[in-house]
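Visitor:
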Amino acid sequence: MTDIETLQRWVDESRSTVFFGGAGVSTESGIPDFRGSDGLYRQQYDYPPETILSHSFFEWRPEEFFRFYRAKMLCLDAQPNAAHCKLAELERAGKLTAVITQNIDGLHQKAGSSNVLELHGSIHRNYCVQCRRMFDAEFCLRSGGVPYCTCGGLVKPDVVLYEESLDSDTMRSAAQYLRNADLLLVGGTSLAVWPAAGLLQYFGGQRLVLLNRDPTPADGRADLIFRTPIGQVLSQLRV
Ligand code: ZN
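Numbering (this note's numbering), first residue to last: 1 to 239.
#1: Sorted by chain position, which residues of the same chain lie with C-beta nearer than 6 angstroms to residue 92's C-beta, five sequence neighbours on each side aside?
#2: Residues near the ligand ZN, CB to any non-hydrogen atom under 5 angstroms, in chain order?
#3: Helix, strand or coil for residue 95? Go by DSSP, reduced to three states.
#4: Whole angstroms are fine: how far does the CA of residue 98 sit from the CA of residue 156?
#5: Would you kindly check if the distance between the Cβ of residue 125 and the Cβ of residue 134 is under 9 angstroms?
#6: Which residue marks the beginning of the alpha helix (DSSP H) containing residue 173, and which one marks its end?
#7: Can you give the beta carbon distance from residue 95 to residue 17, rounded, assuming they're within the 8 angstroms contact cut?
#8: DSSP three-state call for residue 191: helix, strand or coil?
#9: Output the distance between the C-alpha atoms of residue 38 and residue 32, rounded to the nearest integer angstrom.
#10: Can you give me the start and stop residues for the beta strand (DSSP E) that residue 225 sits inside?
#11: Is the separation between the beta-carbon of residue 212 and that of residue 188 shorter than 9 angstroms?
#12: Using the C-alpha atoms, what's the distance from residue 74 back to residue 54?
#13: Within a Cβ cutoff of 7 angstroms, which residues of the same chain sit near residue 129, ignoring the five residues on either side of it in sequence?
#14: Just how far apart, CA to CA, sit residue 204 and residue 180?
#15: Mapping the DSSP letters down to three states, classify residue 38 as helix, strand or coil.
#16: Please tell me whether, using a cut-off of 8 angstroms, the distance from the CB of residue 161 to the nearest non-hydrogen atom of the ligand SAM is below it.
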């Protein structure tokens with residue numbers, strides 16, 4: 001039996017499959033993974049991405065934050081790829097319980113997934129820090145410089161910056177889905193970023209499948225590992 005046939009059988013036998021994904025899921029949609037590509041940004045920015053995307057930097061230099069954010073994070077033209085589409089298809093067929101993602105691009109929803117837990121927030125939600133009025137991503141894209149609400153308050157993307165904690169309700173819910181899952185597909189993440197990486201310990205099932213180009217700290221626990229592009233693997237699944 002090939003690995004794909006094994007995966008197919010596990011998906012068919014599963015009562016609760018959960019997908020947990022990271023940046024690698026969206027790179028096939030052209031969204032850059034800023035980790036490990038510092039050199040690229042140093043030519044255009046005076047600070048590394050990890051500094052710019054921190055809470056203190058956001059407060060200290062909002063113009064510079066939004067210059068980076070608009071250029072590198074607000075990828076509104078990006079389209080879902082084969083991985084997003086297959087996951088949405090699996091959910092519609094009742095074969096996928098939840099998508100837990102570290103991505104903020106909203107591509108799972110764009111592909112049709114409805115139960116998506118966004119650990120790091122979303123570029124599609126933005127709020128006024130004073131009156132809490134909500135704004136869409138287009139508002140942030142269109143407003144040059146720093147976006148402001150009509151009340152004068154600064155508009156902040158609802159994304160989790162460095163130094164900020166993850167939403168506890170989302171974390172609790174993700175842990176619950178993992179506890180109840182019997183098949184866990186982990187894709188496009190090095191499992192290096194805490195605390196999202198720690199969520200894996202909540203998985204109570206027997207079958208752990210990793211879909212990642214590079215080795216991860218969880219390889220030893222995995223029951224099946226794919227190194228080929230995630231879209232290529234998932235698109236072979238029959239729903
Ligand atoms: Zn306001």
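Cβ atoms here follow ideal geometry from the backbone N, Cα and C, with glycine treated the same way.
Guide: Taking the coordinates as given:
#1: The sequence position of residue 92 within the sequence shown is 92, counting from 1. Taken in chain order, the list of residues that qualify is empty.
#2: 128, 130, 131, 133, 149, 151, 153
#3: Numbered from 1 along the sequence shown, position 95 holds the residue referred to as residue 95. Residue state, collapsed to three classes: coil.
#4: The residue you call residue 156 lines up with position 156 of the sequence shown. The residue you call residue 98 lines up with position 98 of the sequence shown. Taking the straight line joining both Cα atoms gives about 27 angstroms.
#5: Residue mapping note: residue 134 aligns to position 134 of the sequence shown, counting from 1. Residue mapping note: residue 125 aligns to position 125 of the sequence shown, counting from 1. Cβ atoms of residue 134 and residue 125: closer than 9 angstroms.
#6: Taking the first residue of the sequence shown as 1, we reach residue 173 at position 173. Residues 168-180.
#7: Translated into positions along the sequence shown, residue 95 becomes position 95. Translated into positions along the sequence shown, residue 17 becomes position 17. Contact flag correct, Cβ pair sits at about 6 angstroms.
#8: As a working note, residue 191 is residue 191 in the sequence shown. Residue 191: coil per DSSP, three-state reduction.
#9: For the purposes of this step, residue 38 is taken as the residue at position 38 of the sequence shown. For the purposes of this step, residue 32 is taken as the residue at position 32 of the sequence shown. Note that residue 38 scores a pLDDT of 49, beneath 50, so its modelled location is shaky; the value from the coordinates is reported in the next line. Looking at the two C-alpha atoms, the distance is approximately 12 angstroms.
#10: Translated into the one-based positions of the sequence shown, residue 225 becomes position 225. Segment 224-226, the beta strand (DSSP E) holding residue 225.
#11: Within the sequence shown, numbered from 1, the residue matching residue 212 stands at position 212. Within the sequence shown, numbered from 1, the residue matching residue 188 stands at position 188. Yes, they are a contact pair.
#12: Start at 1 with the first residue of the sequence shown, and residue 54 comes out as number 54. Start at 1 with the first residue of the sequence shown, and residue 74 comes out as number 74. About 16 angstroms.
#13: Your numbering for residue 129 matches position 129 in the sequence shown. Counting only Cβ-Cβ distances below 7 angstroms, and skipping sequence neighbours, we find 153, 154, 156.
#14: The count along the sequence shown starts at 1 and reaches residue 204 at position 204. The count along the sequence shown starts at 1 and reaches residue 180 at position 180. Each residue's alpha carbon lies about 7 angstroms from the other.
#15: Position 38 of the sequence shown, counting from 1, holds the residue named residue 38. Residue placement at residue 38 is flagged as unreliable, the pLDDT there being 49, under the threshold of 50; a coordinate-derived value is accordingly withheld.
#16: Absence of the ligand SAM is noted for the structure shown, with the ligand ZN being the only ligands found.
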